[in-house]
Every structure is written in structure tokens, then in C-alpha cells.
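Numbering of the sequence shown is given in our numbering, commencing with residue 24 and proceeding in unit increments.
Ideal placement from N, C-alpha and C gives every residue a C-beta, glycine not left out.
Everything on this sheet refers to the single structure shown next.
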Amino acid sequence: MIEMKIKSFKKLTDEQIKKIENRIHVKLPEDYREFLKSTGGGVVEKDETNRIMLKTIGREIVLDVLYGDDENNESGNIMFWMKQFEGEMLENSIIIGDDLFQGFLVMVCDGVNKGIYYWDDSYNFESSNDENNMYWIADSFEQLFKHLTE
Numbered sequence: 024m025i026e027m028k029i030k031s032f033k034k035l036t037d038e039q040i041k042k043i044e045n046r047i048h049v050k051l052p053e054d055y056r057e058f059l060k061s062t063g064g065g066v067v068e069k070d071e072t073n074r075i076m077l078k079t080i081g082r083e084i085v086l087d088v089l090y091g092d093d094e095n096n097e098s099g100n101i102m103f104w105m106k107q108f109e110g111e112m113l114e115n116s117i118i119i120g121d122d123l124f125q126g127f128l129v130m131v132c133d134g135v136n137k138g139i140y141y142w143d144d145s146y147n148f149e150s151s152n153d154e155n156n157m158y159w160i161a162d163s164f165e166q167l168f169k170h171l172t173e
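This is the structure we're talking about:
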């Protein structure tokens, strides 16, 4: 399974994960479900291993938080962020985390665009605009962590 330095939130049960899926009408991939069951999300340790290169634009992001479902930690809660951006999200997608530059990690769970993306909703990058502010990172949640060690 995925190994990383993370200060975990509370671990989720299958029932809690199913509740998230039902609320956002998405079937989460098995690798992400396993992550939520083993860690529940959390704050990533800030060191050289939490950087991700966005190859399409040659810019780097710094992973900060991977969200869970801890109702006592609103800023680390998947549903809090999904409500904040209701109506703006791509179909079959879920916000799964953020970086230090206030962008989000978005997982598209099904379809031709399936994968993990960086959403520069604050337009921090010169290349970001209303038409293009989503940048591909990986094909799967597990593959995301391979990019952390490159």
C-alpha cells in the first residue's frame, strides 16, 4: 500500500466511505478507498517528498493536505470542500486535497478524463484562465504517490 509521511485524521469505515459516495454520486476507486480506510486523510509532512511536478506547464506544487471525513476538522473534510464548490465540479469528480499554493487535488473517478488533476482555482499560474486551469498529474491515486518520489 501507499506509504508517506502524514499526520493522519481519523480512519474511515466502509460505511463512512459509502456515505460520501452517495452524497456526491461517485464511485471511489479502490486504491483511494483503501487510503481512506488506512489513514482517513491527513496533513502531509513538509519535506522534499511532497512536491509534484506539473509536467504540462513545468511548475511544481507542494502537497499539503489529503482530505478525509472528520467533521471536527472542517478544512480537512471532503464534504466541506465539495459544498464550497458545488456546481463548479466536473462530473464524476471529488476534491481530495490541496497544496500550499491554495489549489486543489481533484480526482475524476470515471470516464475518459479519469485521473488525478491539480485545479488552479486561484489562477496562480500564468497559464491558468477560465478555460484551462486543470492540470493532469496521474492516472490513479496510487500513481500520484509515484510522482511524489520522482
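According to DSSP, is Leu-77 part of a helix, a strand, or is it coil? As a position in the sequence shown, residue 77 is number 54, starting the count at 1. Of the three classes helix, strand and coil, the one that applies to Leu-77 here is strand, per DSSP.
Would you list the one or two residues that DSSP bridges to Arg-82? Walking along the sequence shown from the start, residue 82 turns up at place 59. The beta-bridge partner set that DSSP reports for Arg-82 consists of Leu-77.
Reduced DSSP category for Asp-93 - H, G, I as helix; E, B as strand; rest coil: Start at 1 with the first residue of the sequence shown, and residue 93 comes out as number 70. Correct three-state label for Asp-93: coil.
Write down the C-beta distance between Gly-91 and Lys-33 rounded to the nearest angstrom, noting that I regard them as a contact closer than 8 Å. Locating residue 91 in the sequence shown gives position 68, counting from the first residue. Locating residue 33 in the sequence shown gives position 10, counting from the first residue. Right, their Cβ atoms sit about 7 Å apart.
Quick one: residues in its chain with C-beta nearer than 7 Å to the C-beta of Phe-148, no 5 flanking neighbours on either side, listed in chain order? Mapped onto the sequence shown, residue 148 falls at position 125. If we look at Phe-148 and ignore the five residues flanking it on each side, its Cβ neighbours are Ile-80 and Arg-82.
Note down the Cα distance separating Gly-64 from Met-157, rounded to an integer number of angstroms. One-based indexing of the sequence shown puts residue 64 at position 41. One-based indexing of the sequence shown puts residue 157 at position 134. Cα-Cα distance, rounded: 22 Å.
Measuring alpha carbon to alpha carbon, tell me which of Asp-144, Ile-118 and Asp-153 ends up nearest Gly-99. The residue you call residue 99 lines up with position 76 of the sequence shown. Selected option, being the one with the closest Cα: Ile-118.
Beta strand (DSSP E) containing Asp-121: first to last residue? Residue numbering aside, residue 121 sits at position 98 when the sequence shown is read from its first letter. First-last of the beta strand (DSSP E) with Asp-121: 116-122.
Does Gly-134 pass the burial test, meaning 16 or more other C-beta atoms within 10 Å, or should it be called exposed? Sequence index remark: in the sequence shown, residue 134 carries index 111 (1-based). Flag for Gly-134 reads exposed.
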